[in-house]
Amino acid sequence: MEKIIDEVLEQNGHAGMDSLIPILQEIQDRIGCLTEEVIIRVSEHLNVPTSKIYGLATFYNQFRFEKKGKYHIRICNGTSCRLNGSKWLIEYIEKNLKIKNGETSRNGIFSLEVVNCMGACEFGPVISINDQFYKTQDPDSLKELLDELSNEE
Numbered sequence: 034m035e036k037i038i039d040e041v042l043e044q045n046g047h048a049g050m051d052s053l054i055p056i057l058q059e060i061q062d063r064i065g066c067l068t069e070e071v072i073i074r075v076s077e078h079l080n081v082p083t084s085k086i087y088g089l090a091t092f093y094n095q096f097r098f099e100k101k102g103k104y105h106i107r108i109c110n111g112t113s114c115r116l117n118g119s120k121w122l123i124e125y126i127e128k129n130l131k132i133k134n135g136e137t138s139r140n141g142i143f144s145l146e147v148v149n150c151m152g153a154c155e156f157g158p159v160i161s162i163n164d165q166f167y168k169t170q171d172p173d174s175l176k177e178l179l180d181e182l183s184n185e186e
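Mind the numbering: the sequence shown is residues 34 to 186 in our numbering, read in order.
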């Protein structure tokens, strides 16, 4: 991990505050999440207080502080999907996988991300698992899909 942080910071040798988001994005893409070490190292490199970096990273929901699970579940909770039952999908996952938005299951298999829109309103509620999309989901079809993935483990 340390090597990756060093590589990214070296590539952004004379970067300023305007490079903060791209630097954090690249590190997260390569490591999987933002850690305390990442925030401290970026802070030192850019000469920006860690509190500002942490504040920015918690403001934007694209940044994570936990690694994604092997199966990263994204559930659309935009207006159309919410009206068509995304709430029940979210509740099903919270109850059965025992994770909430932004969390990863203890065994590292599943992670959950609730998003505002996935651009497939006519097919809602929509979910994606590792960027494969599933339309018109309900708790029963979601259970079937998750059971299938669990059985692969």
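Ideal placement from N, C-alpha and C gives every residue a C-beta, glycine not left out. Just so you know, these numbers come straight off a predicted model, no measurement behind them.
- Inter-residue distance for S138 and V159 is about 21 Å (C-alpha atoms, whole angstroms).
- Every alpha helix (DSSP H) of 4 residues or more that sits fully in the region 36–112 is shown, in chain order, as 53–64, 69–79, 83–92.
- Of the candidates S174, A48, I86, P55, the residue whose Cα lies closest to the Cα of G118 is S174.
- In the displayed model, E146 falls within a strand according to three-state DSSP.
- One Cα belongs to V147, the other to I73, and the distance between them is close to 28 Å.
- For S161, the closest alpha carbon among the candidates L122, K128, N184 is that of L122.
- Per DSSP, the beta-bridge partners of T137 are S144.
- The closest CA to that of Q58, considering only I38, K120, H47, is found on I38.
- The region 101–110 and the region 143–157 touch, with three or more beta-carbon pairs separated by less than 8 Å.
- Boundaries of the beta strand (DSSP E) around I160: 160–162.
- Around the beta carbon of S144, a 10 Å sphere encloses 16 or more other beta carbons of the protein chains shown; the residue is thus reported as buried.
- Within the model, the alpha-carbon separation for S84 versus E69 is close to 11 Å.
- For E155, there is no enclosing alpha helix (DSSP H), since its DSSP letter is neither H nor E.
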